[in-house]
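Student: Sharing a structure with you now.
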Amino acid sequence: FNQNLMLAAGIRYEHFRYKNFLFNNEKNTTELKPEGFFSYSTRLRYETMDNQTYPTRGTSLQASADLYTDNFVHYNDGAPFGAVSVWWKHVFSPSRRFTLIPGVYSRVLIGNDFPYPYLNRMGGDRPGKYVPQQLPFAGIDVVGIFDNSLLVTQLQLRQRFGNNHYAMLTGNYALSDDKFFKILKGRQIVGTSLGYGYNSLFGPLEAAFNWSNETRKLGFYLNVGYKF
345 FNQNLMLAAG IRYEHFRYKN FLFNNEKNTT ELKPEGFFSY STRLRYETMD NQTYPTRGTS
405 LQASADLYTD NFVHYNDGAP FGAVSVWWKH VFSPSRRFTL IPGVYSRVLI GNDFPYPYLN
465 RMGGDRPGKY VPQQLPFAGI DVVGIFDNSL LVTQLQLRQR FGNNHYAMLT GNYALSDDKF
525 FKILKGRQIV GTSLGYGYNS LFGPLEAAFN WSNETRKLGF YLNVGYKF
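See below:
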């Protein structure tokens, strides 16, 4: 509609053939058979951030809804299943060098009998790195499978030194449960990371140490260059 707002809708076909698995805590993947899905999707995105790598102001809002079938109408001769996702992040700078970045994101599966490729995943440094439904979480480096309802809040504090040096402290808190209306009583996951970034001509160079009560060990993350 304009330079900040995008709305999309469509029909998609995806075919999955399972061989090797990328994720941690996999659930009984030894007998998965190839399968295909027809899905109906809608997307809304609103973006006003002033910089992709180290923004100092702006908002990012994304929402999506998907309905999955295996024959345009049903899944396994029953009702189709769905997924709803919401992502919100806001950036503001109380001073010229200090920036606060709060965020909230969630993904909820609706229905029954959810197939393996659409289960909720969480971990890593950015959304959708390995699969579209992946939610990031500081403190979990190896992406894992989580319950049907996920709700995550995050806050990052960023301080700039000189022109291109940054120190970043990130904390996040997640709730995970198979029932969305019971999510406030669900499993609690806490994670944090402390990192350094340098905004070079060839893209950001970043390194961070992290920890979460999910992994219960110190992790290390390294990024070189822009994210695609």
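Its first residue numbered 345, the sequence shown is counted upward by one per residue in this note's numbering. Glycine included, C-beta positions come from ideal geometry on N, C-alpha and C. Bear in mind that the values here come from a model prediction, so they are computed numbers and not experimental data.
1) In angstroms, rounded to a whole number, what distance separates the CA positions of Pro-626 and Pro-399?
2) Let me know the secondary structure DSSP gives Phe-525 once reduced to three states.
3) Who are Gln-503's beta bridge partners in DSSP?
4) State the Cα-Cα distance for the pair Val-452 and Ile-489, rounded to the nearest angstrom.
5) How about the segment 491 to 499 and the segment 516 to 535: do they share at least three Cβ pairs that are nearer than 8 Å?
6) Residues in its own chain within less than 8 Å of Lys-529 by CB, not counting five upstream and five downstream?
7) Could you tell me the boundaries of the beta strand (DSSP E) in which Gln-406 lies?
8) Mind checking whether Tyr-542 and Asn-508 have CB atoms under 8 Å apart?
9) For Val-534, I'd like the list of residues in its chain whose CB is within less than 7 Å of its CB, leaving aside the five on either flank, ordered along the chain.
10) Can you tell me the Cα-Cα spacing of Arg-401 and Ile-454, whole angstroms?
11) On the DSSP bridge assignment, give the partners of Val-430 in chain order.
12) Can you tell me where the beta strand (DSSP E) holding Arg-387 begins and where it ends?
13) Would you call the segment 425 to 442 and the segment 403 to 411 in contact, with 3 or more CB pairs under 8 Å?
14) When you compare the CB positions of Phe-553 and Leu-538, do they come within less than 8 Å of one another, or not?
15) Using three-state DSSP, classify Pro-480 as helix, strand or coil.
16) Quick check on this structure: which residue in Arg-440, Phe-458, Glu-358 and Met-350 has the alpha carbon closest to the alpha carbon of Phe-505?
17) Per DSSP, what are the beta-bridge partners of Gln-532 in this structure?
18) Is the distance from the Cβ of Phe-381 to the Cβ of Asp-414 below 8 Å?
19) Thinking C-beta only, is Arg-470 closer than 8 Å to Lys-571?
20) Can you list, in chain order, the residues of its chain whose CB lies under 7 Å from that of Phe-416, leaving out five sequence neighbours each side?
21) From the DSSP output, read off the bridge partner residues of Glu-550.
22) Where does the unbroken beta strand (DSSP E) through Arg-361 begin, and where does it stop?
23) Whose C-beta lies closer than 7 Å to the C-beta of Ala-423 among residues of the same chain, with five residues either side of it excluded?
Tutor: Result, derived from the coordinates:
1) Absent from the model: residue 626. The displayed extent of the chain is 345 to 572, so no value can be given.
2) Residue numbering aside, residue 525 sits at position 181 when the sequence shown is read from its first letter. Three-state DSSP puts Phe-525 in a helix.
3) On the sequence shown, residue 503 is found 159 positions in, with the first residue counted as 1. Phe-442 and Ala-511.
4) Taking the sequence shown and counting its residues from 1, one reaches residue 452 at position 108. Taking the sequence shown and counting its residues from 1, one reaches residue 489 at position 145. Rounded to whole angstroms, Val-452 to Ile-489 spans 13 Å at the Cα level.
5) yes
6) Counting from one through the sequence shown, the residue named residue 529 turns up at place 185. The residues are Asp-521.
7) By one-based count along the sequence shown, residue 406 stands at place 62. That run of the beta strand (DSSP E) goes 402 to 413.
8) Residue numbering aside, residue 542 sits at position 198 when the sequence shown is read from its first letter. Residue numbering aside, residue 508 sits at position 164 when the sequence shown is read from its first letter. Yes, the Cβ-Cβ distance between Tyr-542 and Asn-508 is below 8 Å.
9) Walking along the sequence shown from the start, residue 534 turns up at place 190. Taken in chain order, the residues that qualify are Tyr-517, Ser-556 and Asn-557.
10) Here residue 401 refers to the residue found at position 57 of the sequence shown. Here residue 454 refers to the residue found at position 110 of the sequence shown. Spanning the two alpha carbons is a distance of roughly 34 Å.
11) Position 86 of the sequence shown holds residue 430. Answer is Ala-407 and Ser-450, bridged to Val-430.
12) For the purposes of this step, residue 387 is taken as the residue at position 43 of the sequence shown. Residues 379 to 391.
13) yes
14) Residue mapping note: residue 553 aligns to position 209 of the sequence shown, counting from 1. Residue mapping note: residue 538 aligns to position 194 of the sequence shown, counting from 1. Cβ atoms of Phe-553 and Leu-538: closer than 8 Å.
15) In the sequence shown, counting from the first residue as 1, residue 480 sits at position 136. DSSP places Pro-480 in coil when its eight states are reduced to three.
16) As a working note, residue 505 is residue 161 in the sequence shown. Closest option to Phe-505, Cα to Cα, is Arg-440.
17) Position 188 of the sequence shown, counting from 1, holds the residue named residue 532. DSSP lists Leu-519 as partners of Gln-532.
18) Sequence index remark: in the sequence shown, residue 381 carries index 37 (1-based). Sequence index remark: in the sequence shown, residue 414 carries index 70 (1-based). Contact flag set, yes.
19) Mapped onto the sequence shown, residue 571 falls at position 227. Mapped onto the sequence shown, residue 470 falls at position 126. Contact: yes.
20) Here residue 416 is taken as the residue at index 72 of the sequence shown, counted from 1. So the list reads Phe-382, once near-sequence residues are dropped.
21) In the sequence shown, residue 550 corresponds to position 206, counting from 1. Gly-541 and Asn-567.
22) One-based indexing of the sequence shown puts residue 361 at position 17. Unbroken run through Arg-361: none, as it is neither H nor E.
23) Here residue 423 refers to the residue found at position 79 when the sequence shown is read from its first residue. Only Gly-455 meet the Cβ criterion.
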